[in-house]
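In my numbering, the protein residues as written are 14 to 212.
Glycine included, each C-beta is placed from N, C-alpha and C at the ideal position.
This structure is a prediction, so every number in the text was calculated from the model and none was measured.
Report on the structure given below.
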């Protein structure tokens, strides 16, 4: 499956978009979301947005929330925590990094429970890897099972390795590998030509 796929190609499948920072994971997710919206699926869609706000890292704009990039129409259920941090980029000590990871988990889990209480056929997750930093994963796999069509993205690269020796990066990678084993389609943008406007 290439980065040029359309939403219709992914219906009733589980799709995960992966890659390093700044390769266009969020942009591709938004393109697929907009394609789904244009086909009238708005009331069938839930978006769980786990991403921190966009920031500049090593001279490149990375990350960002979907709602900061496009105006979502009425009818789309958009679930986003009040605040998500980027622990490896912003923490200044091991303790601070682990605290950020735990606070992120606490902010995200109620949204996953909310989806499980009232699932929609189509689920988008932006930046699922940030939740995996906590070592927790069962709720993500539960929402995966509860949806009929899943499209998510997550960090899978080598740029953000430094974690003050906490093991967060290793845990995140292990759980991303586990999620990759559960999905039908994996699109690795780090193995593709970069987009003109990567996010």
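Residue ranges of uninterrupted alpha helix (DSSP H) with 4 or more members, entirely inside the region 122 to 149 and ordered along the chain, are 142 to 145. Along the region 168 to 197, the alpha helix (DSSP H) occurs as fully enclosed runs of 4 or more residues at 181 to 195, listed in sequence order.
Inter-residue distance for residue 103 and residue 175 is about 11 Å (C-alpha atoms, whole angstroms).
According to DSSP, residue 36 shares a beta bridge with no other residue. CA-to-CA, the gap between residue 31 and residue 203 works out to about 8 Å. Separation of the CB atoms of residue 124 and residue 94 is rounded to 7 Å, and the pair is thereby assigned contact status at 8 Å.
In the structure shown, residue 44 adopts helical secondary structure according to DSSP, grouped into three states. Two segments are said to touch when three or more pairs of C-beta atoms, one from each, lie closer than 8 Å; by this definition the region 43 to 56 does not touch the region 147 to 157. Our two residues, residue 198 and residue 147, have alpha carbons roughly 25 Å apart in a direct line. Bridge pairing for residue 73: 70 [DSSP]. Three or more pairs of CB atoms, one per stretch, sit closer than 8 Å, so the region 128 to 142 contacts the region 58 to 76. Every alpha helix (DSSP H) of 4 residues or more that sits fully in the region 94 to 118 is shown, in chain order, as 100 to 103.
Between the C-alpha atoms of residue 164 and residue 62 there is a straight-line separation of about 12 Å. The residue from 177, 166, 178, 179 with its alpha-carbon nearest to that of residue 190 is 166. Ranked by Cα distance from residue 96, the options 86, 150, 66 are led by 66.
DSSP, reduced to helix, strand and coil, places residue 202 within a helical segment of the structure shown. Taking C-beta separations shorter than 7 Å and ignoring five residues to either side along the sequence, residue 186 has no partners in its chain.
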